[in-house]
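Quick note on the working numbering: the sequence shown kicks off at 4 and runs consecutively.
Idealized CB from N, CA, C, for every residue including glycine.
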Amino acid sequence: MRRPLLAALALAAAACSATGGGSAVRGGTGGAALDAGLGDPDADIALDGAIDLDAAPGDGAAAQVAEVFGHSERTLYRLDPTTKAVKQVGSFNPPESVIDIALDKQSNLYATSFSGLWKVDKATAKLTLVKPGNYPNSLSFVPAGTVDANAEALVGYDGSTYERIDPASGAISTIGTLGGGFTSSGDIVSVIGGPTYLTAHGPGCDTGDCLLEVNPATGDLVKNWGSLPYASVFGLAFWAGSVYGFDDGGDIFEIQFLPGNPKPTTTPIPFAGALGLSYWGAGSTTSAPVSPVH
Numbered sequence: 004m005r006r007p008l009l010a011a012l013a014l015a016a017a018a019c020s021a022t023g024g025g026s027a028v029r030g031g032t033g034g035a036a037l038d039a040g041l042g043d044p045d046a047d048i049a050l051d052g053a054i055d056l057d058a059a060p061g062d063g064a065a066a067q068v069a070e071v072f073g074h075s076e077r078t079l080y081r082l083d084p085t086t087k088a089v090k091q092v093g094s095f096n097p098p099e100s101v102i103d104i105a106l107d108k109q110s111n112l113y114a115t116s117f118s119g120l121w122k123v124d125k126a127t128a129k130l131t132l133v134k135p136g137n138y139p140n141s142l143s144f145v146p147a148g149t150v151d152a153n154a155e156a157l158v159g160y161d162g163s164t165y166e167r168i169d170p171a172s173g174a175i176s177t178i179g180t181l182g183g184g185f186t187s188s189g190d191i192v193s194v195i196g197g198p199t200y201l202t203a204h205g206p207g208c209d210t211g212d213c214l215l216e217v218n219p220a221t222g223d224l225v226k227n228w229g230s231l232p233y234a235s236v237f238g239l240a241f242w243a244g245s246v247y248g249f250d251d252g253g254d255i256f257e258i259q260f261l262p263g264n265p266k267p268t269t270t271p272i273p274f275a276g277a278l279g280l281s282y283w284g285a286g287s288t289t290s291a292p293v294s295p296v297h
């Protein structure tokens with residue numbers, strides 16, 4: 004997710020400089036220059052892998068690829084949650100400033116940018132425009148039986164307002180409001196048969212973004228898990244019982260909910276911060292495994 008305020012800043016920056024909205028707004032270590040390939044920051048990133056999570060010998064089930072996705076302003080990345088290896092998929096084409104992504108249960112990938120709603124080829128990062136316009140961020144699909152009784156729904160937060168987006172037409176409708184004095188700070192992720200999480204600002208979020216559990220049907224607060232040791236967590240993904248955070252400083256980290264621990268445990272993914280990138284969002288399929296896979 005990229006905050007809505009940045010849309011206006013990005014437009015102003017684009018008028019003054021050819022470096023793009025992200026680098027001008029952030030003024031940090033990531034931005035369009037790195038994504039464009041200066042210094043080849045991705046040259047030493049390990050390749051990801053694919054594993055068969057669900058198919059037992061002889062059961063005829065299809066193999067499921069262990070993967071979650073994160074992205075900077077201009078580039079899509081794939082993280083293998085089993086090996087923790089990261090691979091650059093490619094630059095978004097056309098070169099949009101992508102503010103968040105979401106995947107449905109069949110791993111169809113969608114994105115929002117400062118200019119519209121897009122469908123994304125997750126193998127190449129090619130973008131196909133669905134509809135131009137302004138769209139909410141903190142983007143995720145939520146399972147059937149929550150917002151819609153019969154189908155998955157694409158949702159997002161605009162501040163504390165919880166909205167639905169029709170992925171076919173681009174139409175937006177309001178669902179509800181996040182309570183408790185919280186507003187979305189980054190991203191939402193949801194999984195079939197499991198929880199829905201959101202990074203947020205609000206009461207008690209003093210040391211970093213708070214990790215909230217929210218109701219996917221209404222968007223309202225269920226539980227505040229407390230502050231994370233990271234701020235500006237613009238991307239969330241989920242795989243096999245763990246949440247993966249992607250922040251503005253280029254860090255990727257795993258969040259685990261261990262038995263007996265009142266707060267989640269965070270573990271940095273080695274060398275993730277050394278990429279020199281600034282992550283703007285993340286996503287994972289709603290059919291990701293809910294529990295650890297052994």
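Hey, quick one: how far does the beta strand (DSSP E) through residue i stretch, first residue to last?
i      : result
Trp228 : Leu224 to Ser230
Arg81  : Thr78 to Leu82
Leu313 : A question about residue 313 goes unanswered here, because the residues of the chain that appear run from 4 up to 297.
Leu261 : No beta strand (DSSP E) contains Leu261, which DSSP labels as neither H nor E.
Gln91  : Val89 to Ser94
With C-beta atoms as the reference, is residue i less than 8 Å away from residue j?
i      : j      : result
Thr186 : Ser172 : no
Val101 : Ala88  : no
Ser128 : Gly93  : It should be pointed out that residue 128 corresponds to Ala in this sequence rather than to Ser. Contact: yes.
Asp161 : Asp103 : no
Val236 : Asp223 : no
Pro135 : Gly119 : yes
Glu166 : Thr180 : no
Gly238 : Gly279 : no
Going by C-alpha distance, which of the options is nearest residue i?
i      : options                           : result
Ser110 : Pro267, Ala240 and Ile255         : Ala240
Lys226 : Pro232, Ser235, Leu215 and Ala234 : Leu215
Gly229 : Val123, Arg77, Val296 and Asn264  : Asn264
Cys208 : Leu231, Gly197 and Val217         : Leu231
Thr199 : Thr289, Pro267 and Pro98          : Thr289
Val158 : Ala234, Pro273 and Asn218         : Asn218
Val194 : Ala285, Pro97, Ile272 and Pro292  : Pro292
Gln67  : Leu181, Gly284, Ala203 and Ala243 : Ala243
Tyr247 : Asp124, Gly279 and Leu201         : Leu201
Arg77  : Ala220, Ser281, Gly286 and Ser287 : Ser281
Ala285 : Gly183, Thr86 and Ser143          : Ser143
To which residues does DSSP link residue i through a beta bridge?
i      : result
Pro271 : Phe256
Ser245 : Trp242
Gly284 : His74
Thr115 : Asp103 and Leu120
Val293 : Its beta-bridge partners do not exist; DSSP assigns none.
Asp250 : Val236
Would you mind listing the beta strand (DSSP E) stretches within the segment 132-214 that are 3+ residues and don't spill past its ends, in chain order? You should have 140-145, 156-161, 164-168, 175-180, 186-193 and 199-204.
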